[in-house]
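Q:
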Amino acid sequence: MEAAETGTRTAARQQERRVRAPATLEKQRDRRPAGRLTRRRIEEDQEEAVFREVVSFTPDPLPVRYYDKDTTRPISFYLSSLEELLAWTPDVEDGFNVALGPPECRQPPLSSQRPRTLMCHDMMGGYLDDKFIQGSATQTPYSFYHWQYIDIFVYFSHHTVTIPPVGWTNAAHRHGVCVLGTFITEWKDGERLCEAFLAGDERSYRAVADQLVLIAQFFRFDGWLINIENSLSLAAVGNMPHFLRYLTSQLHQQVPGGLVLWYDSVVSSGQLKWQDELNERNRVFFDSCDGFFTNYNWREEHLERMLGQAGQRLADVYVGVDVFARGNVVGGRFDTDKSLELIRKHGFSAALFAPGWVYECLEKGDFFQNQDKFWSLLERYLPTHSICSLPFVTSFCLGMGTRRICYGQEEAVGPWYHPSAQEIQPLFGEHRLEGDGQGWVKTHCCLEDAWNGGSSLLIRGLIPPEVGNVAVRLFSLQVPVPPKIFLSLVYKLEGTSAVGVALELTTGDASSCHVGGISALSAETSSRRSPRPLRVPPTKLAKWVGRCGQQLSGGWVQRCYEVNLQGCLLQDLFVNFSRPPGSQNEENFICRLGELQVVDARSLLTPHPQVQALTVSHVRWQPAASEPEGGPARLRLSCTLHWAYLLPHARCFRIHCCRGSEGGSPGNGPSEPGRPRLLGLAFVNRYRIVDLAVAAAEPGRDGRVEFLVEPVPKEGFPVPQAEWGRAVMLYSMSHT
Numbered sequence: 001m002e003a004a005e006t007g008t009r010t011a012a013r014q015q016e017r018r019v020r021a022p023a024t025l026e027k028q029r030d031r032r033p034a035g036r037l038t039r040r041r042i043e044e045d046q047e048e049a050v051f052r053e054v055v056s057f058t059p060d061p062l063p064v065r066y067y068d069k070d071t072t073r074p075i076s077f078y079l080s081s082l083e084e085l086l087a088w089t090p091d092v093e094d095g096f097n098v099a100l101g102p103p104e105c106r107q108p109p110l111s112s113q114r115p116r117t118l119m120c121h122d123m124m125g126g127y128l129d130d131k132f133i134q135g136s137a138t139q140t141p142y143s144f145y146h147w148q149y150i151d152i153f154v155y156f157s158h159h160t161v162t163i164p165p166v167g168w169t170n171a172a173h174r175h176g177v178c179v180l181g182t183f184i185t186e187w188k189d190g191e192r193l194c195e196a197f198l199a200g201d202e203r204s205y206r207a208v209a210d211q212l213v214l215i216a217q218f219f220r221f222d223g224w225l226i227n228i229e230n231s232l233s234l235a236a237v238g239n240m241p242h243f244l245r246y247l248t249s250q251l252h253q254q255v256p257g258g259l260v261l262w263y264d265s266v267v268s269s270g271q272l273k274w275q276d277e278l279n280e281r282n283r284v285f286f287d288s289c290d291g292f293f294t295n296y297n298w299r300e301e302h303l304e305r306m307l308g309q310a311g312q313r314l315a316d317v318y319v320g321v322d323v324f325a326r327g328n329v330v331g332g333r334f335d336t337d338k339s340l341e342l343i344r345k346h347g348f349s350a351a352l353f354a355p356g357w358v359y360e361c362l363e364k365g366d367f368f369q370n371q372d373k374f375w376s377l378l379e380r381y382l383p384t385h386s387i388c389s390l391p392f393v394t395s396f397c398l399g400m401g402t403r404r405i406c407y408g409q410e411e412a413v414g415p416w417y418h419p420s421a422q423e424i425q426p427l428f429g430e431h432r433l434e435g436d437g438q439g440w441v442k443t444h445c446c447l448e449d450a451w452n453g454g455s456s457l458l459i460r461g462l463i464p465p466e467v468g469n470v471a472v473r474l475f476s477l478q479v480p481v482p483p484k485i486f487l488s489l490v491y492k493l494e495g496t497s498a499v500g501v502a503l504e505l506t507t508g509d510a511s512s513c514h515v516g517g518i519s520a521l522s523a524e525t526s527s528r529r530s531p532r533p534l535r536v537p538p539t540k541l542a543k544w545v546g547r548c549g550q551q552l553s554g555g556w557v558q559r560c561y562e563v564n565l566q567g568c569l570l571q572d573l574f575v576n577f578s579r580p581p582g583s584q585n586e587e588n589f590i591c592r593l594g595e596l597q598v599v600d601a602r603s604l605l606t607p608h609p610q611v612q613a614l615t616v617s618h619v620r621w622q623p624a625a626s627e628p629e630g631g632p633a634r635l636r637l638s639c640t641l642h643w644a645y646l647l648p649h650a651r652c653f654r655i656h657c658c659r660g661s662e663g664g665s666p667g668n669g670p671s672e673p674g675r676p677r678l679l680g681l682a683f684v685n686r687y688r689i690v691d692l693a694v695a696a697a698e699p700g701r702d703g704r705v706e707f708l709v710e711p712v713p714k715e716g717f718p719v720p721q722a723e724w725g726r727a728v729m730l731y732s733m734s735h736t
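Next comes the structure, spelled out in structure tokens:
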């Protein structure tokens, strides 16, 4: 790894710490911030919390570790010293930084013995715009979306304990990718830090290991890359294998699928001496954990020597590739495929270090083209992973955009970046049709329009005269499907495109697979199937899918399918483009995909939980920076919302507000609410509202603002407002 100066570190405290039980962690995650709950009223069919505030401009500082000091927006954080690591305990403020859940199921699993791909994200010191948990207004952020090619994502920085920003963890886990933080020591300060916890008895290094396990367990990421880039005393290096074994053992117990990897740096004598391979000088560390990440200056002879050292654990050796091509390396940059070719030739896993090179060093305006080019050059060495669970829903959103759109309706204009909001991404690529024709098809992400979120999937292609249709494989799956599935595709054709658009699927276990609701089998293979579109939604599902077969706002069209299956494995999803009836010319087409859903039909009949116990806390008032001439006085309101909900059922939460200057007391009934306005998205059961503009209350009257929390279930359908969480704040001006 690249070395950088770190702050002075000492280890004044070396008390033994034990990992808390999972139940305790769940309670810690769900702890509520203290709120001002004056009274609560029950309306006719729902509970509405009412909070009363007297406006005060008294500062109410929030801890700077957890909140941006200028805006009070929640931020992800790191720990800079051994003291900070040993002192950390779960706090209510940590709740913002907890991932929504563990990695989704995918095939092949990480534990399978086959070459894997690790991506180590090191960008400009880390904790850039990705640190803002609720997103930011960044115009040209870095975005990674080729998740189907990688197994492990490491967030790297030069801080002692790098806790991955939760946006990365949520995006990776949604794609079934494991996420690791980094524990790093460097230079003389690193020597002193290591001496403090490794040179003594086992209580010292166990205390550090216990804290690392607790942090991964609490924030719901999956383990650690251990990077010791300083010399160790004989006592310290002697205890390092014990530390690694204990850390690995404890992590496996507390974090299902957890990993501990060691970076090629220190050798068994304690010297800092990069080997660029696994050998007898560093083998003891490999034997003490889950895997070994080599340094980057290797040649093929290094790989050949490692075959004997790794034995049956070839896949646990991650051969490092510096994409920046610094030093005497093979490949790198747009020649990284040369590195991958040699690594795969010998059966090893690969560790791609800093593939953000395409963003840091090339033109920002060409980022998406360069990103797609970089990963397409590696594609043949990166096996595709398959989704293996339902529901499967995606709007193809990258977690960024130039505006926000919800079901075809524009909600806000302006740049935004929110990694947690990235949806499952498809297989990208450009493909030429077989034969002598000129047919081709290309898929890429596009920020110009969206159905839901900030982007969509744009598919361009040409159907040559001799071909009737082309099919694009969007997703690889390995899903044992329930008896009946519901599928939906939202799309629109651009310009003069007149091709037919249809969803296709492939199934496995053909000998025992029985399928209903299928109109035809493709001539290519008996397992490729074309479901019949529904003209109207199924009666029982009409509440959720009432738009089937309709032309929607913005030119979008929704096609719905209901398929009966028995003993089948759903393997692939395609979209098929066919030439218009009677056409014999080549057909150019541009199609934009806005959403794809594959859902167990039975799950749509199951009642969803409601948002409950919505509270308001950490209220901060500020005068508006300037008042419109002749207009009413205005205020800026910041506060924290917290609510109860069964998170395994949630895709996310949409936070809205309705503002009104003429309020009343709860007993007099609410003022007429305005139209809900989207404030943002939450991926945990809390949200920090920052600098919301509200009218100052008139003398003798209450101002009123209502907050609404809309749950978005994993199936992706809108939930009626009656099931949203609601809280009203009534506020009055101080008389002093």
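Number 654 in the UniProt record's numbering belongs to position 654 of the sequence shown; there are no gaps in the numbering. Here a beta-carbon is modelled for each residue, glycine too, at the ideal position from N, C-alpha and C.
Let me make sure I understand the geometry here. Which of V719, R675 and Q139 has the alpha-carbon closest to that of F367?
A: Counting from one through the sequence shown, the residue named residue 367 turns up at place 367. Checked all of V719, R675 and Q139; the closest Cα to F367 is Q139.
Q: Helix, strand or coil: which one does DSSP assign to F248?
A: Counted from its first residue, the sequence shown places residue 248 at position 248. The sequence shown places Thr at residue 248, not Phe. Three-state result, T248: helix.
Q: Might you give, ordered along the chain, the residues of its own chain that have their beta carbon closer than 6 Å to the beta carbon of G176, omitting 5 neighbours on each side?
A: Here residue 176 refers to the residue found at position 176 when the sequence shown is read from its first residue. The answer, listed in chain order, is P103, E104 and R106.
Q: Please say whether S732 and E53 have beta carbons closer to each other than 9 Å?
A: As a working mapping, residue 53 is identified with position 53 in the sequence shown. As a working mapping, residue 732 is identified with position 732 in the sequence shown. Against a cut-off of 9 Å, the Cβ pair of S732 and E53 comes out as a contact.
Q: Could you tell me the distance, in whole angstroms, from the CA atom of T38 to the CA atom of F51?
A: Here residue 38 refers to the residue found at position 38 of the sequence shown. Here residue 51 refers to the residue found at position 51 of the sequence shown. Because the pLDDT of T38 is 38, which lies under 50, any placement of that residue in the model is unreliable, and the number read from its coordinates should be weighed accordingly. Roughly 6 Å between the two C-alpha positions.
Q: Please return the same chain residues whose Cβ sits closer than 6 Å to the Cβ of Q612, not counting the five positions on each side in sequence.
A: Position 612 of the sequence shown, counted from the first residue, corresponds to residue 612. Correct list, in chain order: A644.
Q: Check whether the segment 184–199 touches the segment 57–71, counting contact only when three or more Cβ pairs, one atom from each stretch, lie closer than 8 Å.
A: They do not touch, by the three-pair rule.
Q: Just the Cα atoms here: how many angstroms apart are R305 and D316?
A: As a first step, residue 305 is located in the sequence shown; it is residue number 305 there, counting from the start. As a first step, residue 316 is located in the sequence shown; it is residue number 316 there, counting from the start. Between R305 and D316, the C-alpha separation is close to 15 Å.
Q: Take C445 and list the residues in its own chain whose beta-carbon comes closer than 6 Å to its own, dropping the five residues that flank it on each side.
A: Mapped onto the sequence shown, residue 445 falls at position 445. So the qualifying residues of the chain are L398 and S455.
Q: Within the continuous alpha helix (DSSP H) that includes N170, where are the two ends?
A: Along the sequence shown, one-based indexing puts residue 170 at 170. N170 -> alpha helix (DSSP H) spans V166 to R174.
Q: In the DSSP assignment, find the unbroken beta strand (DSSP E) run with F219 in it and report its ends.
A: What you label residue 219 is simply residue 219 of the sequence shown in a count that begins at 1. Counting along the chain, F219 falls outside any beta strand (DSSP E), though it belongs to the alpha helix (DSSP H) covering E202 to F219.
Q: Do you know how far the Cα of C560 is from the Cα of R535?
A: In the sequence shown, counting from the first residue as 1, residue 535 sits at position 535. In the sequence shown, counting from the first residue as 1, residue 560 sits at position 560. When rounded, the distance between both Cα atoms is 8 Å.
Q: Out of curiosity, what's the CA-to-CA distance linking L86 and A235?
A: Within the sequence shown, the letter at position 86 stands for residue 86. Within the sequence shown, the letter at position 235 stands for residue 235. Distance between the alpha carbons of L86 and A235 is about 21 Å.
Q: Would you decide whether D287 is buried or exposed? Buried here means 16 or more other CB atoms lie within 10 Å of its CB.
A: Locating residue 287 in the sequence shown gives position 287, counting from the first residue. Looking at its Cβ environment, which holds fewer than 16 other Cβ atoms inside 10 Å, D287 is exposed.
Q: Buried or exposed: E301, going by 16 or more other Cβ atoms within 10 Å of its Cβ?
A: Residue mapping note: residue 301 aligns to position 301 of the sequence shown, counting from 1. Exposed is the call here.
Q: Quick check on L730: buried or exposed, where buried means 16 or more other Cβ atoms within 10 Å of its Cβ?
A: Here residue 730 corresponds to residue number 730 of the sequence shown, with the count starting at 1. It counts as buried.
Q: Under the assumption that E182 contacts N230 (Cβ atoms under 8 Å), give the Cβ distance between them as a whole number of angstroms.
A: The sequence position of residue 182 within the sequence shown is 182, counting from 1. The sequence position of residue 230 within the sequence shown is 230, counting from 1. Per the sequence shown, residue 182 should be read as Thr rather than Glu. About 15 Å separates the two Cβ atoms, so there is no contact after all.
Q: Any idea if E710 is buried or exposed, counting beta-carbon neighbours within 10 angstroms, 16 or more meaning buried?
A: Locating residue 710 in the sequence shown gives position 710, where the first residue counts as 1. It is buried - the Cβ of E710 has at least 16 other Cβ atoms within 10 Å.
Q: Quick one: which unbroken alpha helix (DSSP H) runs of 4-plus residues sit fully inside the UniProt domain "BRCT" (281–375)? Chain order, please.
A: Within the UniProt domain "BRCT" (281–375), the complete alpha helix (DSSP H) runs of at least 4 residues are 283–286, 300–310, 336–345 and 357–360.
Q: Residue range of the alpha helix (DSSP H) that K717 falls in?
A: Within the sequence shown, numbered from 1, the residue matching residue 717 stands at position 717. In the sequence as displayed, the identity of residue 717 is Phe instead of Lys. Note, F717: premise wrong, no alpha helix (DSSP H); not H, not E.
Q: Who are the Cβ neighbours of T169 in its own chain at under 6 Å, not counting the five residues just before and after it?
A: Taking the first residue of the sequence shown as position 1, residue 169 is located at position 169. The answer, listed in chain order, is A99, V179 and F221.
Q: Is M240 helix, strand or coil by DSSP?
A: The residue you call residue 240 lines up with position 240 of the sequence shown. Helix.
Q: With DSSP collapsed to three states, give me the class of M600.
A: Reading the sequence shown from its first residue, position 600 is the one you call residue 600. It is worth fixing the name first, because residue 600 is Asp in this sequence and not Met. Strand, per DSSP.
Q: Got a sec? Which residues, its chain only, sit under 8 Å from L679 by beta carbon, not counting five neighbours each side?
A: The sequence position of residue 679 within the sequence shown is 679, counting from 1. Correct list, in chain order: I655, H656, C657, Y687, I689 and L692.
Q: Taking all protein chains shown into account, decide if F293 is buried (16 or more other Cβ within 10 angstroms of its Cβ) or exposed.
A: The count along the sequence shown starts at 1 and reaches residue 293 at position 293. F293 should be labelled buried.
Q: Alpha helix (DSSP H) containing E83: first to last residue?
A: By one-based count along the sequence shown, residue 83 stands at place 83. Counting along the chain, the alpha helix (DSSP H) containing E83 begins and ends at L82 to A87.
Q: Just the C-alpha distance for E672 and L62, rounded to the nearest angstrom, thanks.
A: The residue given as residue 672 occupies position 672 in the sequence shown. The residue given as residue 62 occupies position 62 in the sequence shown. With a pLDDT of only 42 at E672, under 50, the local geometry of the prediction cannot be trusted, and the value read off the model is given with reservation. Answer to the nearest angstrom: the Cα atoms are 33 Å apart.
Q: In terms of residues, what are the limits of the alpha helix (DSSP H) holding K188?
A: Here residue 188 refers to the residue found at position 188 of the sequence shown. Residues W187 to L198.
Q: Using C-beta distances below 7 Å, list every residue in its chain close to G401, excluding the 5 sequence neighbours before and after it, in chain order.
A: If you number the sequence shown from 1, residue 401 lands on position 401. If we look at G401 and ignore the five residues flanking it on each side, its Cβ neighbours are W416, L447, A450, G453, G454 and S455.
Q: Once you ignore the five residues that flank P699 on each side, which residues in its own chain have a CB closer than 8 Å to its CB?
A: In the sequence shown, counting from the first residue as 1, residue 699 sits at position 699. The answer, listed in chain order, is M733.
Q: One question on the structure: do L614 and L641 come within less than 9 Å of each other, judged by their Cβ atoms?
A: Taking the first residue of the sequence shown as position 1, residue 614 is located at position 614. Taking the first residue of the sequence shown as position 1, residue 641 is located at position 641. Yes; because the gap between Cβ atoms is below 9 Å, this pair is in contact.
Q: Evaluate S553 with the Cβ neighbour count: other Cβ atoms within 10 Å of its Cβ, from every protein chain shown; 16 or more gives buried, anything less gives exposed.
A: Within the sequence shown, residue 553 is the residue found at index 553, counting from 1. So S553 counts as exposed.
Q: Look at S376 and G331 and say whether their C-beta atoms are less than 9 Å apart.
A: Mapped onto the sequence shown, residue 376 falls at position 376. Mapped onto the sequence shown, residue 331 falls at position 331. No, Cβ-Cβ distance for S376 and G331 is not below 9 Å.
Q: Roughly how many angstroms separate the alpha carbons of R73 and F132, rounded to a whole number?
A: Taking the first residue of the sequence shown as position 1, residue 73 is located at position 73. Taking the first residue of the sequence shown as position 1, residue 132 is located at position 132. Answer to the nearest angstrom: the Cα atoms are 7 Å apart.
Q: Is the distance from the Cβ of L79 to the Cβ of V166 below 9 Å?
A: For this step, residue 79 is matched to residue 79 along the sequence shown. For this step, residue 166 is matched to residue 166 along the sequence shown. Not a contact, by the Cβ cut-off of 9 Å.
Q: CA-CA distance, I463 and G439?
A: Position 463 of the sequence shown holds residue 463. Position 439 of the sequence shown holds residue 439. In a straight line, the C-alpha of I463 is about 5 Å away from that of G439.
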